[in-house]
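*Asks:* Provided herewith is a single structure, encoded as structure tokens, for subsequent inquiry.
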Amino acid sequence: VTAAVLHGTAAMAAAPARRRTNYRLRRQLKEAGAMAFAVPLLIWTLIPIYNIVAVSLEAHGDVFTNDIFPSKPSLESFWIVITQGYWYLEYFWRQFENSVYIGLATVFFTLGIGSLASFAIGRMRVRFGWMVSNAALLTYVIPASFLAIPFYRIMGFYGLSNNLWSVIAAEVTFATPYAIFIFRQYGVSIPIELDEAARIDGASPLQVYFRIYLPLMAPALVAVGTYALLLAWNEYLYQFLLLSSKKSMTVPVALAQFLNSDEAPWNYMMATAIVYALPPVAIYYAFRRRMTAGLTMGGVKG
Amino acid sequence: MADVVLRTGEAFPAVSMSRLRRLWRPGGLQGSEYTWAIAFCSPYVAVFLAFVAYPVFYGLWLGRDPELYFELMSEPIYQRSVINTILYLAIGVNLKMFGALMMSGFFMRRGWWVKALLLIYVLPWAVPALPSFISIHWMLNGQWGLLNNIIYVLFDIDGPGWIETSRWLSLGSVIASHIWKWMPFWTVILLAGRMAIPQELYEAAEVDGATGPRRFVHVTFPLLANLYLVCTLLSTLFTLGDFNSVYFVSGGGPALSTHVLATLGIRDAFEIARPDLGVAVVMSALPLMIPLVVLLIRRLHTTEVAL
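Respectively, the protein sequence lines represent chains A and B. The opening position of the first sequence corresponds to residue 1 in the numbering used here, with each subsequent residue numbered one higher. The opening position of the second sequence corresponds to residue 303 in the numbering used here, with each subsequent residue numbered one higher.
Next comes the structure, spelled out in structure tokens:
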């Protein structure tokens with residue numbers, strides 16, 4: 001009898017245990033399935049980036065071989081880029097400086113123009129503010145490349161051809177609508193009572209803007225600033241059309257010029273590409289959370 | 303906004319209501335305040351007039367001659383570019399957005415390695431467009447490119463010249479590159495959309511027996527549908543204007559067979575120095591663009607904080 005009872009309890013205890021192992025097995029299977037999915041995804045994502053790194057590490061003669069891994073990896077190409085030791089790279093740092101200059105000016109003007117406009121529309125509620133909003137929305141949906149031809153001509157009329165400011169104007173034009181959206185969305189979360197209290201205490205609109213609006217908007221300013229910088233860093237077409245001399249062009253324009261040369265020095269190009277890509281990647285990862293929050297807050301722009 | 307203003311009146315009972323209303327009545331700014339508001343708006347208005355409105359009207363003026371469009375219609379390169387653009391949008395945008403929708407579901411999984419993978423997965427978006435597209439261009443080189451080297455090592459056969467021989471292979475490469483670059487971006491957007499769905503909804507659905515695919519069809523997708531539609535419309539517009547993928551991956555080749563409207567317009571305007579023809583190429587996209595823009599703006603207005 002005791003044996004039967006023992007047997008019975010053992011069976012009763014075994015059932016949930018089996019269910020638990022079953023459940024664990026199923027979870028492990030799912031995890032394995034996810035990993036099996038992750039591996040091709042990882043390869044797909046990394047192959048072009050691996051290609052940049054691998055080619056940049058190759059010696060000058062090894063580019064035209066069928067190696068998958070560089071046979072004698074060396075940092076020589078990076079040294080050539082940094083010291084401007086190749087005739088295509090003779091103004092590399094000057095061009096890098098131009099890119100930085102354009103990027104920073106774009107950030108500054110986008111934040112300034114965008115926050116002023118959104119303050120007037122969203123906080124001061126100026127009459128016809130909706131018209132400004134709609135103008136921004138319209139700009140936002142026009143593909144930038146579609147406006148390039150008349151834009152190029154008009155820069156000639158303004159006397160800005162081969163001038164960095166023409167590129168800055170273009171980048172600011174296409175970054176500001178996004179800035180206005182985000183600022184208006186974010187501004188809703190700041191109590192308007194703050195503005196009113198300051199106004200009743202005698203602050204002018206300019207003081208409210210500088211002392212209350214801007215400090216409270218800091219997270220949105222960071223998100224939009226990062227966005228504007230990356231936009232200017234990513235952009236090629238306008239920089240290519242508007243900048244023609246070697247000293248005024250930016251790194252991407254110089255990189256694309258390499259492509260058209262007879263024997264393209266691929267290892268130098270890829271080393272240049274890495275030097276150029278590092279700052280935005282670093283900035284992106286530093287402000288990733290802020291940027292994602294900003295992107296999902298108001299609108300999207302690639 | 304209007305109710306915010308009303309509530310404010312109650313929040314400051316000590317201050318006379320008439321004074322508040324004079325300060326903040328919508329559009330009722332007075333005197334120097336009105337001047338300030340106008341001054342704050344004017345930089346953006348100036349940018350818009352000088353760099354958007356003027357180029358738009360100048361472009362319309364450049365492309366005003368109907369003859370240009372007849373000239374285009376009879377041009378085989380243009381006809382091919384129209385087909386390429388349609389394929390690029392139909393295949394590229396839908397594959398990318400559907401892929402992003404699926405990927406955002408994958409990245410909802412818990413666990414440290416999924417989070418680490420997400421950091422790597424967004425790399426194509428973080429790296430500037432030009433370096434990666436140039437890299438892909440070289441990677442697809444039939445003779446020396448990495449892709450064919452790998453194919454040779456793995457299968458012992460010579461891969462095709464991806465961008466040098468066939469129009470369809472080349473267009474496919476361009477579309478794949480576009481997806482590679484932009485799918486992570488839309489995944490991040492849709493991931494944020496999924497995260498905004500309250501967990502209780504899922505729990506309630508689970509009690510009602512909706513799990514796995516049924517949960518996706520009956521709970522997740524209906525809640526994401528609007529976001530998905532807005533993203534798809536926006537992405538279609540951005541892809542229509544995408545110059546870099548085509549220009550750097552295939553360069554329009556082989557034999558000008560993979561141009562899209564955005565690259566063909568630039569080619570006509572600057573390489574063969576016919577700006578009027580280039581503008582006409584771009585303008586011929588308007589019949590597609592205008593309905594998209596109208597639909598998008600309507601969607602954005604009806605669902606205010608859609609994204």
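Ideal Cβ positions, reconstructed from N, Cα and C, are used throughout, including at glycine.
How do the region 144-164 of chain A and the region 379-391 of chain B stand: do at least 3 beta-carbon pairs fall below 8 Å, yes or no?
*Replies:* Contact between the region 144-164 of chain A and the region 379-391 of chain B is absent, because fewer than three Cβ pairs lie under 8 Å.
*Asks:* At the level of alpha carbons, what is the spacing between Pro215(A) and Gln207(A)?
*Replies:* Cα to Cα, the separation comes out at about 12 Å.
*Asks:* If you reduce the DSSP assignment to three classes, tell me which class Pro524(B) lands in.
*Replies:* Reduced to three states, the DSSP call for Pro524(B) is helix.
*Asks:* Give a yes or no on whether the C-beta atoms belonging to Ser339(A) and Asn134(A) are separated by under 8 Å.
*Replies:* Nothing can be reported for residue 339(A), as the shown portion of chain A is limited to 1 through 302.
*Asks:* What are the start and end residues of each continuous alpha helix (DSSP H) run of 4 or more residues lying completely inside the region 554-606 of chain B, in chain order?
*Replies:* Qualifying alpha helix (DSSP H) stretches, in chain order: 563-568, 577-585, 588-604.
*Asks:* Just to confirm before moving on: does the CB-CB distance between Ala256(A) and Leu432(B) stay below 8 Å?
*Replies:* Yes. Within cutoff.
*Asks:* Any Cβ of chain A within less than 8 Å of the Cβ of Ala564(B)?
*Replies:* Interface residue, yes.
*Asks:* So which residues on chain A does Asp335(B) lean against when the C-beta distance must stay under 8 Å?
*Replies:* Note that residue 335(B) is Glu in the sequence shown, not Asp. Result: Met124, Pro205.
*Asks:* Which residues in the same chain as Leu598(B) place their Cβ atom closer than 6 Å to its Cβ, once the five residues preceding and following it in sequence are excluded?
*Replies:* The residues are Leu535.
*Asks:* Tyr86(A) to Pro150(A), Cα distance in whole Å?
*Replies:* Approximately 36 Å between the Cα atoms of the pair.
*Asks:* Whole angstroms are fine: how far does the CA of Ser166(A) sit from the CA of Leu160(A)?
*Replies:* Taking the straight line joining both Cα atoms gives about 6 Å.
*Asks:* Taking CB distances under 8 Å as the criterion, tell me whether Arg289(A) reaches chain B.
*Replies:* No - not a single Cβ of chain B is within 8 Å of the one on Arg289(A).
*Asks:* To the nearest angstrom, report how far apart Ile168(A) and Gly33(A) are at their CA atoms.
*Replies:* Distance between the alpha carbons of Ile168(A) and Gly33(A) is about 48 Å.
*Asks:* Any residues in the region 144-155 of chain A with a beta carbon nearer than 7 Å to a beta carbon of chain B? Which ones, in chain order?
*Replies:* Against chain B - using a Cβ distance shorter than 7 Å - the residues of the region 144-155 of chain A are Ala144, Ser145, Phe146, Leu147, Ala148, Ile149, Pro150, Phe151, Arg153, Ile154.
*Asks:* I want to verify the contact list: residues of chain B whose CB lies under 7 Å from the CB of Val141(A), in sequence order.
*Replies:* Within 7 Å Cβ-Cβ: Leu539, Val595, Leu598.
*Asks:* Where Phe108(A) and Ala348(B) are concerned, what is the direct C-alpha to C-alpha distance, given to the nearest angstrom?
*Replies:* C-alpha separation (whole angstroms): 17 Å.
*Asks:* Have a look at Val455(B) and Leu46(A) and give me their C-alpha separation to the nearest angstrom.
*Replies:* Each residue's Cα considered, the two are about 19 Å apart.
*Asks:* If you draw a straight line from the alpha carbon of Gly187(A) to that of Phe408(B), how long is it in whole angstroms?
*Replies:* One C-alpha to the other measures close to 33 Å.
*Asks:* Starting from Tyr268(A), trace the alpha helix (DSSP H) both ways and give me its first and last residue.
*Replies:* That run of the alpha helix (DSSP H) goes 266-286.
*Asks:* Going by beta-carbon coordinates alone, are Thr541(B) and Leu403(B) separated by less than 8 Å?
*Replies:* Not closer than 8 Å, so no.
*Asks:* Roughly how many whole angstroms lie between the Cα atoms of Leu579(B) and Thr560(B)?
*Replies:* Spanning the two alpha carbons is a distance of roughly 18 Å.
*Asks:* Go through its chain and collect everything with a Cβ distance to Met252(B)'s Cβ below 8 Å, but skip five positions before and after it.
*Replies:* The requested residue 252(B) does not occur in the structure, where chain B is confined to residues 303 to 609.
*Asks:* Assign Ala38(A) to one of three DSSP states: helix, strand, or coil.
*Replies:* Helix at Ala38(A).
*Asks:* For Val307(B) and Ile192(A), what's the separation of their Cα atoms in angstroms?
*Replies:* Summary for Val307(B): the model assigns pLDDT 29, below 50, so the residue's position carries little reliability; its value from the coordinates is reported in the next sentence. Roughly 8 Å between the two C-alpha positions.
*Asks:* Relative to the C-alpha of Trp338(B), which candidate in Ile49(A), Ala120(A), Phe258(A), Thr139(A) has its C-alpha closest?
*Replies:* For the residues Ile49(A), Ala120(A), Phe258(A), Thr139(A), the minimum Cα distance to Trp338(B) belongs to Ala120(A).
*Asks:* State the Cα-Cα distance for the pair Ser586(B) and Pro70(A), rounded to the nearest angstrom.
*Replies:* Rounded to the nearest angstrom, the two C-alpha atoms are 47 Å apart.
*Asks:* Quick check: is the beta carbon of Trp233(A) nearer than 8 Å to any beta carbon in chain B?
*Replies:* Answer yes: the Cβ-Cβ gap between Trp233(A) and chain B drops below 8 Å somewhere.
*Asks:* List the residues of chain B whose Cβ lies closer than 9 Å to the Cβ of Phe64(A), in chain order.
*Replies:* Those are Gln445, Trp446, listed as they occur along chain B.
*Asks:* For Ile499(B), which residues from the same chain have a beta carbon less than 6 Å from its beta carbon, with the 5 sequence-adjacent residues on both sides left out?
*Replies:* Taken in chain order, the residues that qualify are Leu525.
*Asks:* Please tell me whether Met410(B) has its Cβ less than 8 Å away from any Cβ of chain A.
*Replies:* So no, Met410(B) is outside the interface.
*Asks:* CA-CA distance, Pro219(A) and Trp488(B)?
*Replies:* Approximately 22 Å, taken between the alpha carbons.
*Asks:* Which residues mark the beginning and the end of the alpha helix (DSSP H) in which His480(B) is found?
*Replies:* Note, His480(B): alpha helix (DSSP H), 469-497.
*Asks:* CB Leu229(A) to CB Gly103(A), shorter than 8 Å?
*Replies:* Their beta carbons are under 8 Å apart, which means Leu229(A) touches Gly103(A) by this criterion.
*Asks:* Along the chain, where does the alpha helix (DSSP H) that runs through Ser248(A) open and close?
*Replies:* Element bounds for Ser248(A): n/a, residue is neither H nor E.
*Asks:* Is there at least one Cβ from chain A nearer than 8 Å to Phe523(B)'s Cβ?
*Replies:* No, Phe523(B) lies away from the interface with chain A (no Cβ there is under 8 Å from its Cβ).
*Asks:* Within the 8 Å Cβ cut-off, does Tyr284(A) reach chain B?
*Replies:* Yes, contact with chain B.
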